[in-house]
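Participant:
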Amino acid sequence: MSLQSKRELLAQIAPRYRDATHAQKTQILDAFVAATGYARKYAIRLLTQPQLPLAVPTRSRKPRYGPAVQEALIIAWLAANAICAKRLVPFLPVLVPQLERHDHLHLTDAVRTAVLTLSPATADRLLRTARADHHLRGKSTTKAGTLLKKQIPIRTFQDWNDLAPGFVEADLVAHCGGATDGAFLCTLTVTDVATGWVECQALILRSQHTVIQAMERVRQLLPFPLLGVDTDNGSEFINAGLLGWCADAQVTFTRGRTGKSNDQCFVEQKNGAVVRQIIGYDRFEGEAAYQQLAELYRAVRLYVNLFQPSVKLQTKTRDGARTTRRYDQAQTPLQRVMASAVLTADQQVYLEQLFATLDPVHLLRQISLLQDALWRHAVVASTPVTPPALPPAALAFAQTHGLGPHAHAPTGGLGLDSTTLPKARASHRSTSPQPRLHRTRIDPFAAVWEEVWAWLSAQPERTAKSVFQDLQHRYPGQFPDGQLRTLQRRVGHPLGEWRAQALLRFDDQWLQQDAFAALPPRLRMELGRRLVPAEAEPVG
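Heads up: the sequence shown begins at 4 in the numbering used here, then just goes up one per residue.
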């Protein structure tokens, strides 16, 4: 008798058994045991307990994609810096041949076809065991700049109808480690609205002079002309210096509304997806950390713009409480720039050769090494992170090329978590309409200014407050606390641009180099070797 027949017989006999007399139960039980072969005590339990619906055993479907497809997908996912499946899957037809060209993947025709025909939902399921979701947040250091707001027009997030590349959003990211006192490094993030092209520039401190210099470097690096800049209302942007620079460069200057961070939604997204994911939330300060951060960004710009696809919102409709968003197919910034028809023939050939030459895995490894070098300058150490479990082949690939989460990394890279929510930063700004440049009394720092100059030249990231404290310690009773503001005004005076000069000396070396200077040394040599024509290569 089959299991199904036994369950059907039980469903017919059990009601009669529960209503029968003792003698009748004995007869029913004897017949039920003889028919089913159950043990007597087990048969009694079945007849007396409430009847449950019959569970039909289901047989799971044989997996369509085997371990080889999953491991190949994870390797491509790691090479793409663990982006989401909706961005990864449209990029696989470009990324997989690139990985095969550089001997990181060796796929059969069947496996290659399976990988290239994956849907985003299936890719998400195959990547489920390798994912690690982590969320961190940082401090805001924006201080309102109110003097020139009326001269700078407002542009909201709904006003971006400029489809031509060249209109960018700019913002600063503070590497303060959660404490905004003292001097610390910042990153100027510039994002092109039309193409998603990203340029990041390291700043040794937050001031209008360093922002202007960084914007000039960005203008040199962009593959298309800079047409417009949109910023928030921070004092590092809303000032006469940047307004004059935009006027001289014939660049449209606009700003967002106060307290409406979504007006800079494009650059805010890149702050998290690029800067915070790669640099982290630690505190960095000093000339050595600044130079290392600048070197890291020279490699990051290539990887993000050439090998990181992203989607753009096409339509957004609201039906009651339900909002429907439609996105275009994921593309890299390079693909969007090439499709925009704004490049010259020479620029297009150069970018095509650059993309064909660069190895995304090797470039990501270079970024990992530069991250390790930068994190050695972190002021505050952080908690180690346990990397997620990966299949053997993908784990070997990640260990060989240094990809995936870094257990020794401070708070950059992948796989870190923090439950501490940031508090709002208090801000204050002088209401004086114009700077007072004339002197009405004797300079109290005239006798020690050479000494102050030497300190600032050796450590240009120092704040006026730390210098003033050293002066009070070295010359007790000579400098009362009320003279701190005097020193702050003199150190930050535009006529004494010692900080800007120190930064320009480093940046001038960048601008004097050729286009290959944006590459790390080994990649620079590799690209130069591959772009030499075959007939020009030395024989033997």
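For every residue, glycine included, the Cβ atom is placed at its ideal position computed from N, Cα and C. Bear in mind that the values here come from a model prediction, so they are computed numbers and not experimental data.
Would you kindly work out how many angstroms separate the C-alpha atoms of residue 16 and residue 5, rounded to a whole number?
Facilitator: If you number the sequence shown from 1, residue 16 lands on position 13. If you number the sequence shown from 1, residue 5 lands on position 2. Cα-Cα distance, rounded: 17 Å.
Participant: Considering residue 195, what are the terminal residues of the beta strand (DSSP E) in which it resides?
Facilitator: By one-based count along the sequence shown, residue 195 stands at place 192. That run of the beta strand (DSSP E) goes 188-195.
Participant: Can you have a look at residue 53 and say buried or exposed, based on whether 16 or more other CB atoms are within 10 angstroms of its CB?
Facilitator: Here residue 53 refers to the residue found at position 50 when the sequence shown is read from its first residue. Burial call: exposed.
Participant: Quick check: the Cα distance between residue 118 and residue 207, rounded to an integer number of angstroms?
Facilitator: Translated into the one-based positions of the sequence shown, residue 118 becomes position 115. Translated into the one-based positions of the sequence shown, residue 207 becomes position 204. Going from the Cα of residue 118 to the Cα of residue 207 covers about 45 Å.
Participant: Report the residue from 76, 94, 31 whose alpha carbon sits nearest the alpha carbon of residue 126.
Facilitator: Working through the sequence shown from its first residue, we reach residue 126 at position 123. Per the Cα distances, 76.
Participant: Which of helix, strand or coil does DSSP assign to residue 9?
Facilitator: Residue 9 sits at position 6 when you count from the first residue of the sequence shown. In this structure, residue 9 counts as helix in the three-state DSSP scheme.
Participant: Throw me the rounded Cβ distance for the residue 86 and residue 311 pair, which I believe falls under 8 Å.
Facilitator: The residue given as residue 86 occupies position 83 in the sequence shown. The residue given as residue 311 occupies position 308 in the sequence shown. With 8 Å as the limit, residue 86 and residue 311 qualify as a contact, their Cβ atoms being about 7 Å apart.
Participant: Going along the chain, which residues of its own chain have a beta-carbon closer than 6 Å to the beta-carbon of residue 240, five neighbours each way excluded?
Facilitator: Translated into positions along the sequence shown, residue 240 becomes position 237. The answer, listed in chain order, is 234.
Participant: For residue 202, write down the residues that DSSP places opposite it in a beta bridge.
Facilitator: As a working note, residue 202 is residue 199 in the sequence shown. Partner(s): 193.
Participant: Three or more C-beta pairs under 8 Å: does that hold for the region 294-311 against the region 193-213?
Facilitator: For the pair of segments examined, the region 294-311 was found to touch the region 193-213: the number of CB pairs separated by less than 8 Å reaches three.
Participant: Under three-state DSSP, which class holds residue 170?
Facilitator: For this step, residue 170 is matched to residue 167 along the sequence shown. Note: residue 170 maps to strand in three-state DSSP.
Participant: Going by DSSP, which residues form a beta bridge with residue 179?
Facilitator: For the purposes of this step, residue 179 is taken as residue 176 along the sequence shown, with counting starting at 1. The partner list for residue 179 (beta bridge, DSSP) reads 286.
Participant: What's the C-alpha gap between residue 35 and residue 46?
Facilitator: The sequence position of residue 35 within the sequence shown is 32, counting from 1. The sequence position of residue 46 within the sequence shown is 43, counting from 1. Cα to Cα, residue 35 sits roughly 8 Å from residue 46.
Participant: Can you give, in chain order, each stretch of the alpha helix (DSSP H) that sits fully within the region 216-261 and has at least 4 residues?
Facilitator: 243-251
Participant: Mapping the DSSP letters down to three states, classify residue 122 as helix, strand or coil.
Facilitator: Along the sequence shown, read from residue 1 onward, the residue named residue 122 stands at position 119. Correct three-state label for residue 122: coil.
Participant: For residue 322, which beta-bridge partners are listed by DSSP?
Facilitator: As a working mapping, residue 322 is identified with position 319 in the sequence shown. For residue 322, which the question treats as bridged, DSSP gives the partners 325.
Participant: Do you know how far the Cα of residue 295 is from the Cα of residue 279?
Facilitator: Residue 279 sits at position 276 when you count from the first residue of the sequence shown. Residue 295 sits at position 292 when you count from the first residue of the sequence shown. Rounded to whole angstroms, residue 279 to residue 295 spans 16 Å at the Cα level.
Participant: For residue 172 versus residue 196, is the C-beta distance shorter than 8 Å?
Facilitator: Within the sequence shown, numbered from 1, the residue matching residue 172 stands at position 169. Within the sequence shown, numbered from 1, the residue matching residue 196 stands at position 193. Yes.
Participant: Given a threshold of 16 other Cβ atoms within 10 Å of its Cβ, counted over all protein chains shown, does residue 303 qualify as buried or as exposed?
Facilitator: Within the sequence shown, numbered from 1, the residue matching residue 303 stands at position 300. Around the Cβ of residue 303, a 10 Å sphere holds 16 or more other Cβ atoms; the residue is buried.
Participant: Answer yes if the region 260-275 comes into contact with the region 174-181, meaning at least three C-beta pairs across the two stretches below 8 Å, and no otherwise.
Facilitator: Between the region 174-181 and the region 260-275 there are three or more inter-stretch CB-CB distances shorter than 8 Å, so the stretches are counted as touching.
Participant: Reducing DSSP to helix, strand and coil, say where residue 21 ends up.
Facilitator: Residue 21 sits at position 18 when you count from the first residue of the sequence shown. Three-state DSSP puts residue 21 in a helix.
Participant: Please give the ranges of any alpha helix (DSSP H) in the region 442-497, keeping only runs that are unbroken, at least 4 residues long and fully inside the region.
Facilitator: Note on the region 442-497: whole alpha helix (DSSP H) runs with a minimum of 4 residues are 452-461, 467-477, 487-494, in chain order.
Participant: Where does the unbroken alpha helix (DSSP H) through residue 267 begin, and where does it stop?
Facilitator: Against the sequence shown, residue 267 aligns to sequence position 264. Taken as a continuous stretch (DSSP letters only), residue 267 belongs to no alpha helix (DSSP H), as it is neither H nor E.
Participant: Give me whichever residues DSSP pairs with residue 334 in a beta bridge.
Facilitator: The residue labelled residue 334 in the question sits at position 331 within the sequence shown. In DSSP, residue 334 forms a bridge with 313.
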